[in-house]
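Novice: Residue numbers (this note's numbering): 66 to 327.
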């Protein structure tokens, strides 16, 4: 058990930001602040509008070009090229590149699969398998009591793993959110995998593009709902800073006692 998630008493949590019973106005302000922080954290963690564009654009370009000319090579190269361009733009602007890089890797795997098999539908297969694996991971970790969404968002909220033992309300919210993500992604897979076998490449590609954003937005919305109603996160970074400052003050006081004339 680490220092970041060990149980403590209420008096040992000076930096916890749970609403205190000091009046309705104060509680309302704290609730509004919690919702604002939650929205900002989710926006950062999942990439926001730009992240969604970077997720959709390569696949959209692939299916558009393939619908027009049925040329697998041109479609694949165009999708990979736009992914690399999105990364280059982020590097030039010195923005966070994790979402763009993940898109490049996904597109690259899809291109390799499609080129190896000669089947344009296989461009989408690695992403589908990843989605299925992610769905299983969300559900399995939630059932195991260490929900994946908490592992993802804990550092964003500066709480790390403190929610595991010190903040049961947030653990419950993370568990609900992880189940939501898992079952939403499973439902998406339940639609896509049969179509992978039955539909032609063009039909399948457009259905997949149509299912890119709505399930994601639903999962993010449910996560926001669960976390907005949960207790505020415990800022373990602020706690560590306070402990370091207190330790410095204790050392300074001890030094003054040992050498009062210093």
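In this text, a Cβ means the ideal position worked out from N, Cα and C, and glycines have one as well.
Could you have a look at residue 130 and say whether DSSP puts it in helix, strand or coil?
Specialist: Reduced to three states, the DSSP call for residue 130 is helix.
Novice: Out of 284, 298 and 309, which has the shortest C-alpha to C-alpha gap to residue 200?
Specialist: Per the Cα distances, 284.
Novice: Considering only their Cβ atoms, is the gap separating residue 177 from residue 152 smaller than 8 Å?
Specialist: It is not a contact, given that the beta carbons lie outside the stated cut-off.
Novice: What are the start and end residues of the alpha helix (DSSP H) that includes residue 313?
Specialist: Counting along the chain, the alpha helix (DSSP H) containing residue 313 begins and ends at 301-323.
Novice: Say the cut is 7 Å; is the CB of residue 240 nearer than that to a heavy atom of the ligand FMN?
Specialist: Absence of the ligand FMN is noted for the structure shown, with no ligands found whatsoever.
Novice: Which residue comes first and which comes last in the alpha helix (DSSP H) that contains residue 298?
Specialist: Segment: none, residue 298 is in no alpha helix (DSSP H) and carries neither H nor E.
Novice: Using the Cβ count rule (16 or more neighbours within 10 Å means buried), how would you classify residue 296?
Specialist: With 16 or more Cβ atoms within 10 Å of its Cβ, residue 296 is classed as buried.
Novice: Leaving out five residues before and five after residue 171 in sequence, what residues of the same chain have Cβ atoms less than 6 Å from its Cβ?
Specialist: So the qualifying residues of the chain are 192.
Novice: Compare the Cα-Cα distances from residue 160 to each of 116, 184, 139 and 128 and report the closest residue.
Specialist: Checked all of 116, 184, 139 and 128; the closest Cα to residue 160 is 116.
Novice: Pull up the distance between the alpha-carbon of residue 280 and that of residue 235, whole angstroms please.
Specialist: Between residue 280 and residue 235, the C-alpha separation is close to 23 Å.
Novice: Please state the DSSP three-state secondary structure of residue 87.
Specialist: Annotation note: pLDDT 49 at residue 87 (below 50); position unreliable, no value reported.
Novice: Take residue 291 and list the residues in its own chain whose beta-carbon comes closer than 6 Å to its own, dropping the five residues that flank it on each side.
Specialist: Result list for residue 291: 238, 241 and 242, in chain order.
Novice: Would the beta-carbon of residue 270 fall within 8 Å of that of residue 174?
Specialist: No. Outside cutoff.
Novice: Starting from the C-beta of residue 321, find all residues in its chain whose C-beta is less than 6 Å away, skip the five residues before and the five after it, and write them out in chain order.
Specialist: Cβ neighbours of residue 321 beyond the five flanking positions: none.
Novice: Report the three-state DSSP secondary structure of residue 278 (helix, strand or coil).
Specialist: Of the three classes helix, strand and coil, the one that applies to residue 278 here is coil, per DSSP.
Novice: Among the candidates 227, 134 and 262, whose CA atom is the shortest distance from the CA of residue 189?
Specialist: Ranking 227, 134 and 262 by Cα distance to residue 189 puts 262 first.
Novice: When DSSP labels each residue in this structure, what does residue 186 get in the three-state scheme?
Specialist: Residue 186: helix per DSSP, three-state reduction.
Novice: Between residue 290 and chain B, is any beta-carbon pair separated by less than 8 Å?
Specialist: Given the protein chain composition of this structure (a single chain), no chain B is represented.
Novice: So for residue 210, helix, strand or coil by DSSP?
Specialist: In the structure shown, residue 210 sits in coil (DSSP, three-state: anything other than H, G, I, E or B).
Novice: In chain order, what residues of the same chain have a beta carbon less than 7 Å from the beta carbon of residue 103, not counting five sequence neighbours either side?
Specialist: 289, 292 and 293.
Novice: Using the Cβ count rule (16 or more neighbours within 10 Å means buried), how would you classify residue 315?
Specialist: Under this definition residue 315 is an exposed residue.
Novice: To the nearest angstrom, report how far apart residue 211 and residue 154 are at their CA atoms.
Specialist: Taking the straight line joining both Cα atoms gives about 36 Å.
Novice: Looking only at its chain, what residues have a beta carbon closer than 7 Å to the beta carbon of residue 253, apart from the 5 residues adjacent to it on each side?
Specialist: Counting only Cβ-Cβ distances below 7 Å, and skipping sequence neighbours, we find 196, 276 and 280.
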